[in-house]
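Colleague: First residue of the sequence shown: 44, per our numbering; consecutive thereafter.
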Amino acid sequence: MIPLAGMSTQLALRLVDSTRDAQLDLIKSSAEHSRAIDAFRDRIADVKTAEQLTEDRELYVFVMKAYDLEDQIFGKAMIRKMLESDIDDRKALVNRLTDPRLRELHQSMDFAPGKDGVSGNTDSFIWREMVVRRYVERQFINRTADENAGAGVVLEVRKRAPEITSWFDVLKNRDVSSFMRRALGLPDEMVQLDLDRQVEVFKTKFDIEKLKDPAELEKLERKYAALTDALDNQAVASSAAVTLMQGAVAAGAGGAGFVPMTIDISAI
Numbered sequence: 044m045i046p047l048a049g050m051s052t053q054l055a056l057r058l059v060d061s062t063r064d065a066q067l068d069l070i071k072s073s074a075e076h077s078r079a080i081d082a083f084r085d086r087i088a089d090v091k092t093a094e095q096l097t098e099d100r101e102l103y104v105f106v107m108k109a110y111d112l113e114d115q116i117f118g119k120a121m122i123r124k125m126l127e128s129d130i131d132d133r134k135a136l137v138n139r140l141t142d143p144r145l146r147e148l149h150q151s152m153d154f155a156p157g158k159d160g161v162s163g164n165t166d167s168f169i170w171r172e173m174v175v176r177r178y179v180e181r182q183f184i185n186r187t188a189d190e191n192a193g194a195g196v197v198l199e200v201r202k203r204a205p206e207i208t209s210w211f212d213v214l215k216n217r218d219v220s221s222f223m224r225r226a227l228g229l230p231d232e233m234v235q236l237d238l239d240r241q242v243e244v245f246k247t248k249f250d251i252e253k254l255k256d257p258a259e260l261e262k263l264e265r266k267y268a269a270l271t272d273a274l275d276n277q278a279v280a281s282s283a284a285v286t287l288m289q290g291a292v293a294a295g296a297g298g299a300g301f302v303p304m305t306i307d308i309s310a311i
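#1: Compute the distance between the beta-carbons of L148 and L112, then report whether it is under 9 Å.
#2: Taking all protein chains shown into account, decide if F234 is buried (16 or more other Cβ within 10 angstroms of its Cβ) or exposed.
#3: Does the region 199–216 touch the region 269–278, meaning 3 or more C-beta pairs lie closer than 8 Å?
#4: Residues in its own chain within less than 6 Å of Q115 by CB, not counting five upstream and five downstream?
#5: Going by beta carbon distance, what residues of the same chain come within less than 6 Å of A55, once the five residues before and after it are set aside?
#6: For E127, which of L67, E232, T92 and F105 has the nearest alpha-carbon?
#7: Does N318 come out as helix, strand or coil in the three-state DSSP assignment?
#8: So D239 is in the alpha helix (DSSP H); what residue range does that whole segment cover?
#9: Using a 10 Å radius around the Cβ and a threshold of 16 neighbouring Cβ atoms, would you call R225 buried or exposed?
#10: Identify the continuous alpha helix (DSSP H) that holds S209 and give its terminal residues.
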């Protein structure tokens, strides 16, 4: 992974975009991930039920990571019950859970009750390779976010933008909603409003259909990156000012006497 820590969001994005293919290849060829990918390819075709999936720890973890559900791996019993539930039943568990990632996993695995809980997708080479691609891309996004939060948010938005059809889709994802607020110049305090009111505000600022236009998305990315870098620089300046003031106080405590200082924060 190319180090991105300490870089501006704009610079980190340029570096990520120019090295994306090479980094994806490095992830696939690394010892840890190549073993996980090989195990998935070798054994997933034999998995026909949710019970079989959750009992194979290695495959279960791989699939959960591929669908960005690493934070839910601990809830194996709940995941199994959700996968076994009937999506056509309004009261089914999959329809009562609010996390859209779980519904996406359910639809992808398709352990349909009408087929005695058997999934036909695992027999599909195309499906298996799609899950592998998702797994590798998720590792790439997560690593980028760990190194540079702003760049990670942009990658998350790029991944989800094609599937967004309404502002409610935006509000379902923390990264996407924070991206849109900042790119459109809206305050984070907006989250305190009810969802309908947030949607109304967003609609006055941007036509959500434009999010599928690469040129429009690129404009939003530039605005987001510029504002993120400006806010980060402001935070650094404030921190530097506090450090200088603390140094002056410490010098006074050491016997040198306190020397009043006038600090122009905007010049730091």
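Heads up, the beta-carbon is just placed ideally off N, CA and C, and yes, glycines get one too.
Modeller: In short:
#1: Position 105 of the sequence shown, counted from the first residue, corresponds to residue 148. Position 69 of the sequence shown, counted from the first residue, corresponds to residue 112. Yes, these two residues count as a Cβ contact at 9 Å.
#2: Against the sequence shown, residue 234 aligns to sequence position 191. It is worth fixing the name first, because residue 234 is Val in this sequence and not Phe. With fewer than 16 other Cβ atoms within 10 Å, it is exposed.
#3: no
#4: Taking the sequence shown and counting its residues from 1, one reaches residue 115 at position 72. Closer than 6 Å at Cβ, skipping near neighbours: no residue.
#5: Numbered from 1 along the sequence shown, position 12 holds the residue referred to as residue 55. Here the set comprises L47, N191 and A194.
#6: Translated into the one-based positions of the sequence shown, residue 127 becomes position 84. The residue with the shortest Cα to Cα distance from E127 is T92.
#7: Residue 318 cannot be examined here, being either before or after the span of the chain that is shown, 44 to 311.
#8: Here the question's residue 239 lines up with position 196 in the sequence shown. Where D239 is concerned, the enclosing alpha helix (DSSP H) stretches over L238 to K248.
#9: On the sequence shown, position 182 is the one that residue 225 refers to. Result: buried.
#10: For the purposes of this step, residue 209 is taken as the residue at position 166 of the sequence shown. That residue, S209, is in no alpha helix (DSSP H); it is neither H nor E in DSSP.
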